[in-house]
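Participant: One structure follows; several queries about it will come next.
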Amino acid sequence: MRELSLNVLDIAQNSISAGASEVEITVEEISSASKMTIIIKDNGCGMDEETVRNVMDPFYTTRTTRKVGMGVPLFKMAAEMTGGSLNIESAVGKGTQLTAVFFTDHVDFTPLGDIDSTVVTLITMNTNINFIYALKVDEKEFRLSTNQLKEILGDVPLDMPEIVMWLKDYLKEQTEIIRGGVIE
Amino acid sequence: MKSLEELMAIKAKAEKAMLAREEGDGKRIVVGMATCGIAAGARPVLNRFVEEVAKRNLKDVTVTQTGCIGMCQYEPIVEVFEEGKEKVTYIKMTPDKVARVVADHIVNGNPVVEYTVASLDK
Chain A
1 MRELSLNVLD IAQNSISAGA SEVEITVEEI SSASKMTIII KDNGCGMDEE
51 TVRNVMDPFY TTRTTRKVGM GVPLFKMAAE MTGGSLNIES AVGKGTQLTA
101 VFFTDHVDFT PLGDIDSTVV TLITMNTNIN FIYALKVDEK EFRLSTNQLK
151 EILGDVPLDM PEIVMWLKDY LKEQTEIIRG GVIE
Chain B
185 MKSLEELMAI KAKAEKAMLA REEGDGKRIV VGMATCGIAA GARPVLNRFV
235 EEVAKRNLKD VTVTQTGCIG MCQYEPIVEV FEEGKEKVTY IKMTPDKVAR
285 VVADHIVNGN PVVEYTVASL DK
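Here is the structure:
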């Protein structure tokens with residue numbers, strides 16, 4: 001994967017497959033420590049201990065169509081390459097939380113990339129799931145959730161092109177504010 | 185500046201568009217978004233389809249995602265479904281190819297054969 005935001009999109013698909021009705025994605029950056037933590041938390045079906053161990057193995061998958069499952073191992077590798085880690089906490093029937101820690105000053109750090117695009121794709125392509133996205137950069141924080149949008153939109157579906165385009169611009173501007181970009 | 189208040193205005197506009205969308209023959213553009221698809225570049229392809237559909241104001245077209253279609257080496261794969269017609273499978277898609285697929289196939293009904301899986305045999 002060329003950017004971590006693609007891994008996030010990929011991992012979140014697992015939450016969707018796990019039947020989650022709520023998926024929370026948190027990106028937290030602490031610049032003084034050159035540390036980035038990505039947390040993907042869902043209320044899906046969860047996994048038992050053995051399955052949690054197995055998903056780290058690229059030659060394990062719950063799919064029946066093929067024998068490999070690369071999603072989690074790739075993300076784990078990206079984290080560990082920077083001296084970071086990937087940890088999964090899961091409970092059957094309750095959900096799963098995946099926490100990946102990255103050190104951004106490491107030469108092998110993969111950039112986060114276009115995380116807005118990942119969030120827009122998840123929200124607009126899975127309108128029945130409540131996605132919560134939080135971007136924390138040092139002291140600043142931005143949060144957005146599907147439910148927040150639905151409150152405003154009512155019956156208007158989130159996948160209407162007009163809404164998708166608006167969401168994209170909105171996220172871009174909010175991210176710029178958080179990251180200290182120039183705004184009017 | 186975009187604000188959540190502004191979304192209210194868009195809502196009104198979208199409601200009108202929604203009424204229009206219910207009519208029409210309904211083409212479905214499906215992008216494979218499993219690990220293989222994402223790694224091969226499916227996300228920008230999906231986004232470009234959404235943009236093109238929005239730009240052209242196509243009311244009867246939906247863009248959705250699916251899992252692994254089963255030909256990982258040809259990802260990003262995009263399938264186009266249309267009532268009463270055979271499914272068309274595009275392989276090795278890029279954002280640059282999207283405009284042509286939308287113009288030729290989605291709007292004018294002529295699949296871009298050279299981008300499809302059928303072109304492999306030749």
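Protein chains in written order, with the working numbering: chain A, 1 to 184; chain B, 185 to 306.
Yeah, the Cβ is synthetic: ideal placement off N, Cα and C, and Gly gets one too.
1. Cβ of Met-47 of chain A within 7 Å of Cβ of Ser-90 of chain A?
2. Once the 5 residues before and after Glu-266 of chain B are set aside, which same chain residues still bring their CB inside 6 Å of it?
3. So the beta strand (DSSP E) Val-262 of chain B belongs to, where does it begin and stop?
4. With DSSP as the reference, label Lys-243 of chain B as helix, strand or coil.
5. How is Val-101 of chain A classed by DSSP in three states: helix, strand or coil?
6. With DSSP collapsed to three states, give me the class of Glu-184 of chain A.
7. Would Val-237 of chain B pass as a contact of Val-247 of chain B if the rule is Cβ separation under 7 Å?
8. May I ask which residues mark the beginning and end of the alpha helix (DSSP H) holding Asn-130 of chain A?
9. Run down chain B in chain order and give the residues with a C-beta less than 9 Å from the C-beta of Thr-110 of chain A.
10. Under a CB-based cut-off of 7 Å, is Leu-9 of chain A close to chain B?
11. Starting from the beta carbon of Arg-232 of chain B, find every residue of chain A whose beta carbon is closer than 8 Å, and list them in chain order.
12. Taking contact to mean at least 3 C-beta pairs separated by less than 8 Å, is the segment 217-226 of chain B in contact with the segment 186-199 of chain B?
13. Compare the C-beta of Tyr-133 of chain A against all C-beta atoms of chain B and say whether one is closer than 7 Å.
14. Tyr-299 of chain B and Tyr-258 of chain B - do their beta-carbons sit closer together than 7 Å?
15. How would you label Ile-183 of chain A, buried or exposed, when you count the other beta carbons within 10 angstroms and need 16 or more for buried?
16. Is it true that the CB of Asn-7 of chain A sits closer than 7 Å to the CB of Phe-75 of chain A?
17. Measuring only between beta-carbons, confirm whether Thr-250 of chain B sits less than 7 Å from chain A.
18. For Thr-273 of chain B, go through chain A and note every residue whose CB falls closer than 8 Å to its CB, in chain order.
19. On the premise that Thr-124 of chain A lies in contact with Asp-155 of chain A, defined as a C-beta separation below 8 Å, what is that separation, rounded to the nearest angstrom?
20. Between the Cα of Pro-58 of chain A and those of A:Gly-44, A:Pro-73, A:Leu-135 and A:Ile-11, spot the shortest distance and give me the residue it belongs to.
21. DSSP beta-bridge partners for Ala-12 of chain A?
22. My assumption, with CB atoms under 8 Å, is that Cys-45 of chain A sits in contact with Gly-19 of chain A. Please give the rounded CB distance.
23. Could you tell me whether the segment 135-143 of chain A touches the segment 171-179 of chain A, where touching means 3 or more Cβ pairs closer than 8 Å?
24. Please state the DSSP three-state secondary structure of Glu-28 of chain A.
25. Taking DSSP as the reference, what is the three-state secondary structure of Ala-91 of chain A?
Facilitator: In this structure, then:
1. Against a cut-off of 7 Å, the Cβ pair of Ser-90 of chain A and Met-47 of chain A comes out as a contact.
2. Exclusion of the five residues before and after Glu-266 of chain B leaves Lys-211 as the residues of its chain whose Cβ lies within less than 6 Å of its Cβ.
3. Per DSSP, the continuous beta strand (DSSP E) segment holding Val-262 of chain B begins and ends at 262-266.
4. Assignment of Lys-243 of chain B by DSSP, reduced to helix, strand and coil, places it in the coil class.
5. Three-state result, Val-101 of chain A: strand.
6. Any reading at Glu-184 of chain A needs caution, since the residue's pLDDT is 44, under 50, leaving its predicted position unreliable; the model's value is listed next. Glu-184 of chain A falls in the coil class under three-state DSSP.
7. Contact: yes.
8. No alpha helix (DSSP H) contains Asn-130 of chain A, which is instead part of the beta strand (DSSP E) from 130-137.
9. Going along chain B, no residue has its Cβ under 9 Å from Thr-110 of chain A, so there is no contact; the nearest lies around 12 Å.
10. Yes, its Cβ sits closer than 7 Å to a Cβ of chain B.
11. Chain order gives no chain A residues near Arg-232 of chain B, where near means a beta carbon separation below 8 Å; the closest approach is about 11 Å.
12. No, the segment 217-226 of chain B is not in contact with the segment 186-199 of chain B.
13. For Tyr-133 of chain A, the closest Cβ of chain B is not nearer than 7 Å.
14. In this structure, Tyr-258 of chain B lies away from Tyr-299 of chain B, with their beta-carbon atoms at least 7 Å apart.
15. A caution first: Ile-183 of chain A carries a pLDDT of 48, below 50, which makes its placement in the model unreliable, though a value can still be read off. Counting C-beta atoms within 10 angstroms of its own C-beta, Ile-183 of chain A has fewer than 16 neighbours from the protein chains shown and is therefore classed as exposed.
16. Asn-7 of chain A is positioned such that its CB atom lies closer than 7 Å to that of Phe-75 of chain A.
17. No, Thr-250 of chain B lies away from the interface with chain A (no Cβ there is under 7 Å from its Cβ).
18. Residues of chain A passing the Cβ test: none, with the nearest at roughly 17 Å.
19. That belief does not hold up - the Cβ atoms of Asp-155 of chain A and Thr-124 of chain A are roughly 16 Å apart, past 8 Å.
20. The closest CA to that of Pro-58 of chain A, considering only A:Gly-44, A:Pro-73, A:Leu-135 and A:Ile-11, is found on A:Pro-73.
21. Ala-12 of chain A is not bridged to any residue.
22. About 5 Å separates the beta carbon of Cys-45 of chain A from that of Gly-19 of chain A, a gap short enough to meet the 8 Å contact definition.
23. These segments touch.
24. Reduced to three states, the DSSP call for Glu-28 of chain A is strand.
25. Residue state, collapsed to three classes: strand.
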